[in-house]
Ligand SMILES: [Zn+2]
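In this note's numbering, the protein residues as written are 2 to 282.
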């Protein structure tokens, strides 16, 4: 069976920003994935990135890198579009230093463009970033994320189409975002299954071999996501049906928790899988 990996988004607070302590905490908790949060820009030095990579390899923690929130490949401003491409290119360059195989990012908000125009602009920008990276032998996957706001670029259809048309990309399925943008649409097993089989049919092994999930509870309005909440409480989505599918299908996703206490969310998700598999023995 493929291994499912669980871990937090960002350094745990108790680590006080010390990489050595981060990996100790993960080891103690029995977690084996980490999404490095460069969400306010990549401020790390190459030396520090290499230290993270070394520690990750030593502790068998699978790394991903979340690029800056203010990337907007569909901005009206050419300057912001150029800067966004440069930020992604830099993230791709840093990823291998920290042993990360994926760069997660939000493609952008519409910024006055209509959805078709935004799609074209984002696709062209990603192709350009990809080609620049390919020329330097960089094989890190670009992982555009399902967006939590309805107006942002990043429906399941948009992310599928983007991944279909740009080489070296995979979806980041943020289940909380999907739940929020579909007005609470993740209710049962079939809701999860249709998303997974849709991506699998379109992207095949590229998707199945590189499944990347974000999980958390979420509150939302008709315009989409409001805030991230713990898992397993009164907020949806309930991820048990998802974990059941993962277990039955033998999928091996990396599950990154974006709950207010990401370590707890990661442990909760891992616990669901362990309980299921223990009861199936
Ligand atoms: Zn996310």
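Here a beta-carbon is modelled for each residue, glycine too, at the ideal position from N, C-alpha and C.
>> Cutting at 6 Å between CB atoms, please list the residues of its own chain near residue 228, excluding the five before and the five after it.
In response: Position 227 of the chain shown holds residue 228. Within the same chain, residue 228 has close Cβ partners 220.
> Since residue 134 is in the alpha helix (DSSP H), which residue starts that stretch and which ends it?
Replying inline: Along the chain shown, one-based indexing puts residue 134 at 133. Segment 116-136, the alpha helix (DSSP H) holding residue 134.
> With 16 other CB atoms within 10 Å as the buried threshold, where does residue 4 fall?
Replying inline: Sequence index remark: in the chain shown, residue 4 carries index 3 (1-based). The residue in question, residue 4, is exposed, as its Cβ has fewer than 16 Cβ neighbours within 10 Å.
> Per DSSP, residue 175 is paired with what?
Replying inline: Taking the first residue of the chain shown as 1, we reach residue 175 at position 174. In DSSP, residue 175 forms a bridge with 215.
> Of all the beta strand (DSSP E) runs that stay within the bounds of the region 19-87, which reach a length of 3 or more residues?
Replying inline: 34-38, 63-67
>> I believe residue 57 touches residue 100 by the beta-carbon criterion, under 8 Å. Please report the beta-carbon distance rounded to the nearest angstrom.
In response: Position 56 of the chain shown holds residue 57. Position 99 of the chain shown holds residue 100. Right, the Cβ-Cβ distance comes to about 5 Å (below 8 Å), so this counts as a contact.
>> I'd like the ranges of any beta strand (DSSP E) spanning at least 3 consecutive residues and lying wholly in the region 194-275.
In response: 213-216, 218-222, 225-230, 255-258
> Does the beta carbon of residue 107 fall short of 6 Å from some heavy atom of ligand 1?
Replying inline: Stepping through the chain shown from its first residue, residue 107 is reached at position 106. For ligand 1, not one heavy atom lies less than 6 Å from the Cβ of residue 107.
>> I need the boundaries of the alpha helix (DSSP H) containing residue 162, first residue and last residue.
In response: Residue mapping note: residue 162 aligns to position 161 of the chain shown, counting from 1. Per DSSP, residue 162 belongs to the alpha helix (DSSP H) from 157-166.
> Residue range of the beta strand (DSSP E) that residue 152 falls in?
Replying inline: The residue you call residue 152 lines up with position 151 of the chain shown. Segment: none, residue 152 is in no beta strand (DSSP E) and carries neither H nor E.
>> Pop quiz: residue 170 and residue 215 are said to be a contact at Cβ under 8 Å. What is the actual Cβ separation, rounded to whole angstroms?
In response: Locating residue 170 in the chain shown gives position 169, counting from the first residue. Locating residue 215 in the chain shown gives position 214, counting from the first residue. Taking a contact as a CB-CB distance under 8 Å, the pair residue 170 and residue 215 does not count as one, their CB atoms being some 16 Å apart.
> Between 236, 153, 49, which lies nearest to residue 110 when the distance is taken from Cα to Cα?
Replying inline: On the chain shown, position 109 is the one that residue 110 refers to. The shortest C-alpha separation from residue 110 is found at 153.
> Got a sec? Which residues, its chain only, sit under 6 Å from residue 126 by beta carbon, not counting five neighbours each side?
Replying inline: The residue given as residue 126 occupies position 125 in the chain shown. Contacts found: 74, 86.
>> Quick check on DSSP: helix, strand or coil for residue 9?
In response: Here the question's residue 9 lines up with position 8 in the chain shown. Residue 9 falls in the strand class under three-state DSSP.
> To the nearest angstrom, how far is it from the Cα of residue 281 to the Cα of residue 94?
Replying inline: Residue numbering aside, residue 281 sits at position 280 when the chain shown is read from its first letter. Residue numbering aside, residue 94 sits at position 93 when the chain shown is read from its first letter. Rounded to whole angstroms, the gap between the alpha carbons of residue 281 and residue 94 is 43 Å.
> Whose C-beta lies closer than 7 Å to the C-beta of residue 189 among residues of the same chain, with five residues either side of it excluded?
Replying inline: The sequence position of residue 189 within the chain shown is 188, counting from 1. The residues are 242.
> residue 146 bridges to which residues according to DSSP?
Replying inline: Position 145 of the chain shown, counting from 1, holds the residue named residue 146. BP columns for residue 146 point to 173.
>> Starting from residue 102, trace the beta strand (DSSP E) in both directions and tell me its first and last residue.
In response: The residue labelled residue 102 in the question sits at position 101 within the chain shown. First-last of the beta strand (DSSP E) with residue 102: 101-106.
>> Quick check: what's the CA-CA separation for residue 160 versus residue 183?
In response: Translated into positions along the chain shown, residue 160 becomes position 159. Translated into positions along the chain shown, residue 183 becomes position 182. Rounded to whole angstroms, residue 160 to residue 183 spans 15 Å at the Cα level.
> If you check the beta carbons only, do residue 217 and residue 266 fall under 7 Å apart?
Replying inline: Here residue 217 corresponds to residue number 216 of the chain shown, with the count starting at 1. Here residue 266 corresponds to residue number 265 of the chain shown, with the count starting at 1. Between residue 217 and residue 266, the C-beta spacing is below 7 Å.
> For residue 238, is the classification buried or exposed, using 16 other Cβ atoms within 10 angstroms of its Cβ as the cut-off for buried?
Replying inline: Counting from 1 along the chain shown, the entry for residue 238 is found at position 237. Buried is the call here.
> Hey, would you say the C-beta of residue 226 is under 6 Å away from at least one heavy atom of ligand 1?
Replying inline: Here the question's residue 226 lines up with position 225 in the chain shown. No - ligand 1 has no heavy atom lying nearer than 6 Å to the Cβ of residue 226.
> By Cβ distance, which residues of its chain are closer than 8 Å to residue 142, with the 5 residues on each side in sequence left out?
Replying inline: Taking the first residue of the chain shown as 1, we reach residue 142 at position 141. Here the set comprises 102, 103, 104, 169, 170, 171, 211.
> Quick one: what's got a C-beta closer than 8 Å to residue 17's C-beta in the same chain, skipping five residues either side?
Replying inline: Here the question's residue 17 lines up with position 16 in the chain shown. Around residue 17: no qualifying Cβ.
>> To the nearest angstrom, how far is the alpha carbon of residue 264 from that of residue 37?
In response: Here the question's residue 264 lines up with position 263 in the chain shown. Here the question's residue 37 lines up with position 36 in the chain shown. Distance between the alpha carbons of residue 264 and residue 37: 13 Å.
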